[in-house]
């Protein structure tokens with residue numbers, strides 16, 4: 001199991017058929033019985049979904065919609081200052097609602113005419129090979145729950161803010177969507193877990209936490225940065241290195257804190273020519289050669 005698994009609270013189905021999301025004691029919603037009940041109910045919706053059917057509707061509360069509206073408003077200010085133009089343009093075309101949480105079915109309906117992508121509901125952790133593999137088919141696994149209202153600008157795990165404000169706005173760009181699809185094909189092309197982990201780390205340091213030089217300064221395009229109110233203010237002060245496939249595929253990262261090492265593309269063309277070309281052609285031998293060339 002790779003490190004990404006630590007992102008998610010485990011989801012268990014009990015003998016009586018009930019679904020329980022096991023929040024850590026440090027989770028902001030741990031002591032909130034109402035929030036925990038909501039998490040269980042929303043996870044059950046995803047577990048009961050049959051691919052190909054409409055995505056079940058999550059009946060969000062006024063409080064949950066308020067959290068979305070607040071985070072959307074605050075992140076929009078940060079995006080204008082720090083996001084790459086491609087993201088801003090795509091966000092404008094997608095037109096996500098600002099005052100309420102959109103349903104995943106609705107997000108897919110907005111995305112499909114733009115880039116062909118649709119969403120799949122996830123109760124929690126999705127195995128890496130499945131999560132990345134379906135990207136090749138224009139499908140993106142997403143949680144439906146939203147962070148606890150007590151800390152609206154923070155979440156210890158990917159919620160619907162990260163999955164939609166971060167990823168859906170990015171997926172509304174044909175150029176970014178093509179990179180997601182290439183990552184999915186790469187995940188299907190490699191056979192070993194070592195190679196799959198390498199592919200996933202390249203994804204992490206690009207489409208999750210990627211930085212791009214634009215107008216002479218670093219701007220964010222990674223969904224992890226663009227959906228984090230705190231991290232988007234801090235990323236320019238991190239150790240920003242040039243794109244390097246071997247380094248990205250082998251660099252350790254800690255998901256529990258801001259990313260200290262980031263990799264910067266010199267331009268969108270540079271990102272496509274380096275990372276897109278790698279995903280388009282990589283196999284286990286390609287990854288083995290990169291690992292052999294990487295410093296121990």
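Residue numbers (the working numbering): 1 to 296.
Ideal Cβ positions, reconstructed from N, Cα and C, are used throughout, including at glycine.
In its chain, beyond the 5 residues on either side, 11, 13, 19, 123 have a beta carbon closer than 8 Å to the beta carbon of residue 47. Rounded to the nearest whole angstrom, the CA to CA distance from residue 293 to residue 150 is 47 Å.
Residue 240 has 262 as its beta-bridge partners, per DSSP. Under the Cβ criterion (8 Å, minimum of three pairs), the segment 132 to 146 counts as touching the segment 183 to 195. Look at residue 84 here: in three-state DSSP terms it is coil, with no helix or strand label. Judged by beta-carbon spacing, residue 107 lies within the 8 Å limit of residue 164, meaning their Cβ atoms are closer than that value.
Boundaries for residue 205: no beta strand (DSSP E) harbours it, and the DSSP string shows neither H nor E there. Residue 140 has 119 as its beta-bridge partners, per DSSP. DSSP places residue 220 in the strand class (E or B) of the three-state scheme. For residue 171, the closest of 218, 222, 148, 126 by C-alpha to C-alpha distance is 222. Across the structure, residue 267 and residue 89 are spaced so that their CA atoms are roughly 16 Å apart.
Residues of the same chain with a CB within less than 8 Å of the CB of residue 291, apart from the 5 flanking positions on each side, are 194, 198, 246, 249, 250 in chain order. Looking at the DSSP output, residue 13 shares a beta bridge with 19.
Apart from the 5 residues on each side of it in sequence, residue 173 sits with its Cβ closer than 6 Å to the Cβ of 86, 90 in its chain, given in chain order. Closest in C-alpha terms to residue 145, from the list 113, 121, 83, 202, comes 121. A Cβ-Cβ contact shorter than 8 Å links residue 207 with residue 179. Residue 213 is bridged by DSSP to 218. Contact annotation: the segment 257 to 275 does not touch the segment 92 to 109, with fewer than three C-beta pairs closer than 8 Å. For residue 125, no alpha helix (DSSP H) run applies, since DSSP gives it neither H nor E. In the three-state reduction of the DSSP assignment, residue 112 falls in the helix class.
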